[in-house]
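**Student:**
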Amino acid sequence: MPCLVLNSILFAGLTSIFAAILGMIAFMALISFPLRLHKVAIVGAIACFLMPPFLHAGAWWDIGMKLSLPIATLPFGAMVLSLQLWPIITLLLFASSTRLDSSLLEAAKLSLSNRRTWGHVIFPLLSPALALACLVVFILTLNNFIVPTTFQTYVQIAEIYVMFSSLYDTCAALLQSVPLWIISLFILSTAAGLTRRITTGWANRHVARRLDLSMFPQLCNRPLCLLIFALLLMISLLPSSWRLISSVSSVDMLTTWRLAIPQFVASFIYAAGSALLSCFIGLILGRTALCRQCVPAEWILITPFILSGLFLSILLIALNQWAGAWAWWQGTWLLGVAALTIRFVWIPFKTATATLSQIHPDLLDAARLFAIPSGSIFRHIQWPLLKPFMLAAAWIVYLLALWDVETLLLVYPPGGEPVSLKIFQLLHYGYDAQVAVLSLGLLVMGLLPGGFLALYLRNSRKSIPLNTTTIHEI
Amino acid sequence: MIDLRRIHKNHGDTATLIDVSLTVRRGESVALLGHSGSGKTSLLRLVAGLDPPDSGLVRTEGKIGMVFQSLALWPHVTVRGQLELVLHGPRWNPEARKKRITEVIQIFGIENWADRKPGTLSGGEQQRVALARAFAPGPEILLLDEPLAHLDADDRKQLHPQLLSQFKDRTVLIATHDEEDAKVLAQRSVQMREGRLYTRS
């Protein structure tokens, strides 16, 4: 067991280091772009992250085989996973950088060289965001089942699965989870300190003046930055895209999709159900926790998020066994939706608390002073400000639930197998073309609500001229 | 009326209000003069019931309206919407509400921006909207925290008579650092310094 835990830590650590290097390079390139290209670059980075992990891993397996690379090794697997996770680092750094106070950079610009500005001003200011992003990557990797399994790196999470699925030994499986639990809790306590320090708009209320992104000093010239970023996008996106295109032409896409309709329906029910439910619960808990200043609520809710989905499902099964005949939900879709909701409810909860705490207290005091009923305060004042953020949180939960294998692996009911699990099994038996086609279907299913959401937010931004941060600056 | 007796209020380790006693009679307008951090806003929030005192007694009679220093205009709601939101309850049937909104909009000269949102208005325009919102429900007590701070000298002069006409029969407490505003708008002034209240001659 210690060897497997060490493998897990090594795999997650190496992936985080690779992702941090790639993410920082991408961030420094991105910041040098002309402002109108920022959105395009961000969409590209998000696309890398959204590629189904099965497709990404499979495509790199093929490339490794063709080029005779050492594919069945831990560093190769870590490198492949980091090619999918670097956007987390880039996007968090970018979000954090846009919230910096412009006077900090203006002061540096007057007296420091570009290199010293980056080294002594920008990176120290962004270091909490960088560390937090690395921790997010570390946690996601620690709980990742697909990529290490594909590249034959035996990690603790795989051992837990084997222990449970072959021996049905709940206690042994839970015992095996303890080291991962301890690591996750350690990370949680570190992250709690970092989130307080991170200079995003959510945490930093007292930004005097927002930064003009063109103020960032460029370390190299713009065409070179464009080239670096484009190269990174190509390396991250091309293998899986190429595999998609080639697979689409080699199998009958429509037939494969038609045959998988029950799985697509199941995926949609799990993803949409857990997204709606987690947002509803997250909002209620978020409001209550904020009103009562209940700090432990966040700790309780983040625990299932950072723990492995497998661990959570084993716990749910153990709970069902204990409940016996009372557990009427056993063998229904409800168990899968509940498992995903418990796992991801922290995302909408955090979104709700962060957005609500950003609303200037005077806005609510004014409403209370005019004796507006609390229902109306929520409907007319809080909800319009929360809505875009909660919808975005719902979409993130929807996507995570759509890709999820670990949580549903043990709890899906007969006939309720989602596409992600079908893909996982097909990948295991080497049906690469079908895997690619189903992944494409899943990608479309994931992106469609995102597209609608983007359109909706664009329209609502027209009607709400101020974002929540500027509410403070009225 | 407003009656404050021996109020003490701390924020953390700092005392923001120390032994404050003040009575403002019905129909009287009083200005609280003082520098930033002297405790004017804390006192107004206490009278409004938004913060409780650590010790002492706060007694108010009548409905309270307030203009916040930050203005506290709801950013996603139009000017007309702000007024509609505060005019609720059985007293304000649709017809009465519509009539009152038209009246307030005219008084404060905000007809041209009635369907715009606060973010699209200038500081001075936002200030007028905040005043209109505070006056709209017809409160008996008015608390004005730096009510004219965002306006230029001409706008202030123009708004003074309109405000004074609305003060009639109302209990008004104005926090300001501008002696000129205090002189014009208030019948008497009191000075606030480091959380204590001093009577001015």
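Going down the list, the protein sequences come from chains A and B. Following the working numbering, the numbering of the first sequence begins with 1 at its first residue and continues without gaps. Following the working numbering, the numbering of the second sequence begins with 475 at its first residue and continues without gaps. For glycine and all other residues, C-beta sits at the position ideal for the given N, C-alpha and C.
#1: Out of B:529, B:554, B:521 and B:611, state which residue places its alpha-carbon closest to the alpha-carbon of residue 583 of chain B.
#2: Beta-carbon within less than 7 Å of residue 353 of chain A's beta-carbon, same chain only, minus the 5 sequence neighbours each way: which residues are those?
#3: Suppose contacts are defined by Cβ-Cβ distances below 8 Å. Is residue 305 of chain A in contact with residue 30 of chain A by that definition?
#4: Check this for me: beta carbons of residue 508 of chain B and residue 667 of chain B, under 8 Å apart or not?
#5: Could you round the C-beta distance between residue 520 of chain B and residue 514 of chain B to whole angstroms and report it? I think they count as a contact, below 8 Å.
#6: Pull up the distance between the alpha-carbon of residue 36 of chain A and that of residue 635 of chain B, whole angstroms please.
#7: What does a CB cutoff of less than 7 Å around residue 417 of chain A pick up in its chain, not counting 5 residues either side in sequence?
#8: Closest by CA to residue 558 of chain B, which one among A:340, A:413 and A:381?
#9: Examine chain A for any beta-carbon lying closer than 8 Å to the beta-carbon of residue 611 of chain B, and answer yes or no.
#10: Ordered along the chain, which non-local residues of its own chain (more than five positions away) have a Cβ less than 6 Å from that of residue 277 of chain A?
#11: Within 8 Å of any Cβ in chain A, is that where the Cβ of residue 559 of chain B sits?
#12: Note the first and the last residue of the continuous alpha helix (DSSP H) segment covering residue 495 of chain B.
#13: Answer yes if the stretch 613–620 of chain B comes into contact with the stretch 572–589 of chain B, meaning at least three C-beta pairs across the two stretches below 8 Å, and no otherwise.
#14: Kindly indicate if chain A contains any beta-carbon less than 8 Å away from that of residue 499 of chain B.
#15: On the DSSP bridge list, what partners appear for residue 663 of chain B?
#16: When the Cβ atoms of the stretch 537–552 of chain B are set against those of the stretch 590–604 of chain B, are three or more pairs found closer than 8 Å?
#17: Please classify residue 136 of chain A as buried or exposed, where buried requires at least 16 other C-beta atoms within 10 Å of its C-beta.
#18: Going by the beta-carbon positions, is the gap between residue 240 of chain A and residue 55 of chain A smaller than 8 Å?
#19: In chain order, what residues of the same chain lie with their CB nearer than 7 Å to the CB of residue 163 of chain A, ignoring the 5 residues before and after it?
#20: How about residue 288 of chain A: is its Cβ closer than 7 Å to a heavy atom in the ligand GTP?
#21: With 8 Å as the C-beta to C-beta threshold (strictly closer), list the residues of the stretch 365–394 of chain A near chain B in chain order.
#22: For residue 591 of chain B and residue 670 of chain B, what's the separation of their Cα atoms in angstroms?
#23: With H, G and I counted as helix, E and B as strand and the rest as coil, what does DSSP make of residue 345 of chain A?
#24: Across which residues does DSSP place residue 619 of chain B in a beta bridge pair?
#25: Is the stretch 9–24 of chain A touching the stretch 137–150 of chain A in the sense that three or more CB pairs, one from each, lie closer than 8 Å?
#26: Against chain A, with Cβ distances strictly below 8 Å, would residue 425 of chain B count as a contact?
#27: Quick one, are the C-beta atoms of residue 80 of chain A and residue 178 of chain A less than 8 Å apart?
#28: In chain order, what residues of the same chain lie with their CB nearer than 8 Å to the CB of residue 61 of chain A, ignoring the 5 residues before and after it?
#29: Please tell me whether residue 69 of chain A and residue 93 of chain A are closer than 8 Å, where the distance is taken between their beta carbons.
#30: According to the Cβ coordinates, are residue 183 of chain A and residue 134 of chain A closer than 8 Å?
#31: Can you tell me where the beta strand (DSSP E) holding residue 529 of chain B begins and where it ends?
#32: Along chain B, in chain order, which residues have C-beta atoms closer than 8 Å to that of residue 360 of chain A?
#33: Quick check on the burial criterion: 16 or more other C-beta atoms within 10 angstroms. Buried or exposed for residue 646 of chain B?
#34: Mind pulling the chain B residues with CB within less than 7 Å of residue 363 of chain A?
#35: Between which residues of its own chain and residue 660 of chain B is the CB-CB distance below 7 Å, once the five residues before and five after are set aside?
#36: Measure the C-alpha to C-alpha separation of residue 245 of chain A and residue 397 of chain A and round it to an integer number of angstroms.
**Tutor:** Reading from the atomic positions:
#1: The alpha carbon of residue 583 of chain B has as its nearest neighbour, out of B:529, B:554, B:521 and B:611, the alpha carbon of B:554.
#2: Excluding positions up to five away in sequence, the list reads 286, 289 and 290.
#3: no
#4: A contact, by the Cβ cut-off of 8 Å.
#5: Not confirmed; about 11 Å, so no contact.
#6: 50 Å
#7: 263 and 266
#8: A:381
#9: Chain A contact via Cβ: present.
#10: 341
#11: yes
#12: Not the alpha helix (DSSP H): residue 495 of chain B falls in the beta strand (DSSP E), residues 488–498.
#13: No contact exists between the stretch 572–589 of chain B and the stretch 613–620 of chain B.
#14: no
#15: B:505
#16: yes
#17: buried
#18: yes
#19: 169, 172, 173 and 176
#20: This structure lacks the ligand GTP, and indeed carries no ligand of any kind.
#21: Residues 365, 366, 367, 368, 369, 370, 371, 372, 373, 376, 380, 381, 384 and 385.
#22: 39 Å
#23: coil
#24: B:649
#25: yes
#26: Because chain B is modelled from 475 through 675, residue 425 of chain B falls outside the range shown and cannot be assessed.
#27: No, Cβ-Cβ distance for residue 80 of chain A and residue 178 of chain A is not below 8 Å.
#28: Excluding residues within five positions, the ones whose Cβ falls inside 8 Å are 71, 150 and 151.
#29: no
#30: no
#31: 529–534
#32: 544 and 546
#33: buried
#34: Identification of chain B residues near residue 363 of chain A by a Cβ-Cβ cut-off of 7 Å yields 546 and 548, ordered along the chain.
#35: 503, 504, 505 and 648
#36: 28 Å
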